[in-house]
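These protein sequences, in sequence, are chains A and B.
Using the working numbering, the letters of the first sequence map in sequence onto residues 1 to 275.
Using the working numbering, the letters of the second sequence map in sequence onto residues 276 to 507.
Note that CB positions come from ideal geometry on N, CA and C, so glycine has one too.
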Amino acid sequence: MSRRAYSKHIPDFRYVTYLAEGGTSAIHRANPWTKLALLALVVGLVTVLMDPYLLLVLLCLTVVFYAVARLPLGLLLGWWTLPVFFVLSLSVIFIFTEPGDRLAGLDISGFRIAVTDNGLVLTVNLLMRALAVVTFSLAVFMTTRYNHIVHIAYRSMPRTLASIFLLSYRFMYETSDEFSNILDAMNSRSGSLARGVTRQSKIYAGIFGLAFVHAFERAETISKAMEARGFSGDLPISDRVPRPTAGGYMAVGLGLAALAFAVYSRYFDTGLSGW
Amino acid sequence: MAHIHLEDGAFTPFWIIVWSLIAAGLIGAILLVIRRHKVPPRLIAIAAMCASVGFAVFQVEIPTPIGPVHMNFTPLIGILVGPGLGGLVVLVINMFSAAIGHGGWGMIGANTLVNIMEVSLAYYSFRFFKMKLRRGNYWSGFSATAIALTASALFVVLIVAVSEIQGSQLTKEEMISNLLVLAALNTAAGVIEGVVTGYVVSFLGRVRPDLLERHVRRTAQESVPAVAMEAT
């Protein structure tokens with residue numbers, strides 16, 4: 001399976017789906033509802049936990065989960081760029097302004113800026129939280145078959161929203177390929193070279209504009225087909241997701257217990273060591 | 276990037292619940308209005324395609340002198356499909372984005388509120404510039420986008436200032452002054468997105484003017500809700 005991602009730091013949905021459909025690891029075989037519940041628990045845990053060591057343990061556990069699923073670790077490092085960028089864009093100023101002991105400083109024409117210990121801890125905590133969730137989220141999507149995601153979306157969302165979600169999910173691949181083709185054509189004509197802001201903006205505006213025009217034309221064709229088939233608001237679902245196994249219930253139960261303990265130690269008994 | 280997308284763990288559980296409930300209320304209201312007016316398959320398909328393109332567009336890197344930039348085009352989506360469907364489209368895009376680390380799962384509520392504000396402001400300000408001020412497609416698209424993204428950057432500052440970053444010991448005033456710097460940077464990125472959106476809108480005005488005129492024509496029928504007009 002060749003990848004056609006536009007950048008190294010954004011996952012290619014087609015490749016993600018390829019891994020989900022073709023994988024044979026234990027995580028691939030795990031129940032999708034169980035994986036979704038565990039994802040919610042990871043989100044809950046990163047929100048409640050404050051201790052950097054516990055957050056590091058959680059991050060390591062998510063990476064282990066990803067590795068057990070036999071997913072490409074090298075790609076994961078590239079895909080971490082995006083959450084790291086978002087966290088740093090929010091916390092870069094906090095590193096310097098957070099009250100605490102100064103670790104390093106710099107004088108710029110009489111104006112002194114310094115990195116504080118609390119600022120650094122805050123940034124590292126935010127980074128570990130974001131990376132833990134992203135790693136687990138990617139692992140869930142890269143081990144869950146398309147049909148199962150469709151079933152879960154249909155069961156857990158209002159009908160109109162589910163229809164929009166599922167239709168856009170189905171056509172995501174086609175839209176992405178269309179973009180790839182246009183960008184490949186542009187790159188083959190040296191179109192990616194910077195030629196001034198106006199020219200560059202016009203080139204990309206033409207590409208994006210064309211994509212929206214095609215999207216509307218495709219939508220009109222699809223809607224005609226849907227109406228011709230007597231669309232009643234329900235999209236057909238071909239595959240069902242079984243109930244979680246006993247092991248799945250146990251994993252979710254353990255996660256819930258950990259979350260409950262983290263909540264208790266944070267809000268009711270702050271003396272609990274480490275939590 | 277013209278958005279500050281918040282990652283998981285930035286807010287306390289209380290504020291995650293608060294923003295999620297407000298966003299759920301707004302989305303619920305949009306869905307109610309859509310259901311009441313029996314939305315046709317055409318609009319569902321259009322919304323789905325916009326979500327698909329919006330997500331795909333985000334994946335394209337635009338080379339600039341300051342490094343590669345990604346566009347979100349939420350204001351353009353607002354201009355094209357209106358605030359009602361636009362609200363659903365941005366929610367779907369946020370769900371896809373959360374899956375790949377562009378904003379957290381717990382932050383979908385807060386991020387969707389910011390995006391709903393963008394699509395709504397862009398939609399109404401585009402109509403204002405086009406109909407009331409009689410501006411061309413480029414300037415209407417550029418101004419609507421710049422206004423929407425500037426307001427949303429300030430809205431993010433408000434959300435973060437009210438919620439506070441958990442673990443930070445800064446006072447609200449210190450946090451706001453920090454975030455205003457970020458808002459200024461995001462506003463500058465918003466102007467870049469405004470320029471590109473302006474060109475996209477003028478391109479659409481040349482090849483498919485009906486896509487823009489559908490919404491502009493509505494000013495003559497102010498009393499009819501936007502979604503109801505879409506359904507006709």
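- If the five residues before and after B:Ala299 are omitted, its C-beta is found closer than 8 Å to the C-beta atoms of Gly384, all from its own chain and listed in chain order.
- If you keep only unbroken beta strand (DSSP E) runs of at least 3 residues inside the stretch 421-447 of chain B, you get nothing at all.
- Contact annotation: A:Val42 and A:Leu58 have beta-carbon atoms nearer than 9 Å.
- Against chain A, the CB of B:Asn369 has no partner CB under 9 Å away; the residue lies outside that interface.
- Excluding residues up to 5 positions away in sequence, Thr143, Gly248 lie with their Cβ nearer than 8 Å to the Cβ of A:Ala30 in the same chain.
- The closest CA to that of B:Gly357, considering only B:Ala419, B:Leu445, B:Phe289, is found on B:Ala419.
- For B:Phe478, the chain A residues whose C-beta falls within less than 7 Å of its own C-beta are Ala205, Gly206, Gly209, listed in chain order.
- Neighbourhood of B:His377 in chain A, by CB distance below 7 Å: Leu82, in chain order.
- CA-CA distance, A:Leu106 to A:Ile113, rounds to 5 Å.
- Not flagged as an interface residue toward chain A: B:Asn347, since no C-beta distance is shorter than 9 Å.
- Using a Cβ-Cβ distance cut-off of 8 Å, the stretch 127-138 of chain A and the stretch 33-47 of chain A are in contact, since at least three pairs of beta carbons, one from each stretch, lie closer than that value.
- Among the residues of the stretch 381-394 of chain B, those with a Cβ less than 7 Å away from any Cβ of chain A are Gly381, in the order of the chain.
- Under the three-pair Cβ rule at 8 Å, the stretch 456-470 of chain B counts as touching the stretch 417-435 of chain B.
- Between A:Pro72 and chain B, the shortest Cβ-Cβ separation is not below 9 Å.
- In this structure, B:Ile302 and B:Gly362 form a Cβ contact; the two beta carbons are roughly 6 Å apart against a cut-off of 8 Å.
- Looking at the backbone, the Cα of A:Lys224 and that of B:Arg317 are separated by about 7 Å.
- A straight line joining the alpha-carbon of A:Ile152 with that of B:Glu439 spans about 33 Å.
- When CB distances to chain A are screened at a threshold of 7 Å, the residues of the stretch 318-331 of chain B falling below it are Ile319, Ala320, Ile321, Ala322, Ala323, Met324, Cys325, Ala326, Ser327, Val328, Phe330, Ala331, in chain order.
- Counting along the chain, the unbroken alpha helix (DSSP H) around A:His28 starts and ends at 26-29.
- Closest by C-alpha distance to A:Arg145, out of A:Gly22, A:Ser168, A:Arg155, is A:Gly22.
- Between the alpha carbons of B:Glu282 and B:Val389 lies a gap of roughly 14 Å.
- Between A:Leu82 and B:His377, the C-beta gap is smaller than 9 Å, which places the two residues in contact.
- In this structure, B:Val475 and B:Ile451 do not form a Cβ contact; the two beta carbons are roughly 33 Å apart against a cut-off of 8 Å.
- Just measuring C-alpha positions, the residue of B:Glu393, B:Gly416, B:Met392 sitting nearest B:Phe403 is B:Gly416.
- In this chain, B:Trp380 is not harboured by any alpha helix (DSSP H), its DSSP state being neither H nor E.
- Within chain B, the residues whose beta carbon sits less than 9 Å from that of A:Ala219 are Arg317, Leu318, Ile319, Ala320, Ile321, Ala322, Ala323, Met324, Cys325, listed in sequence order.
- Here B:Glu448 is exposed, its C-beta having fewer than 16 other C-beta atoms within 10 Å.
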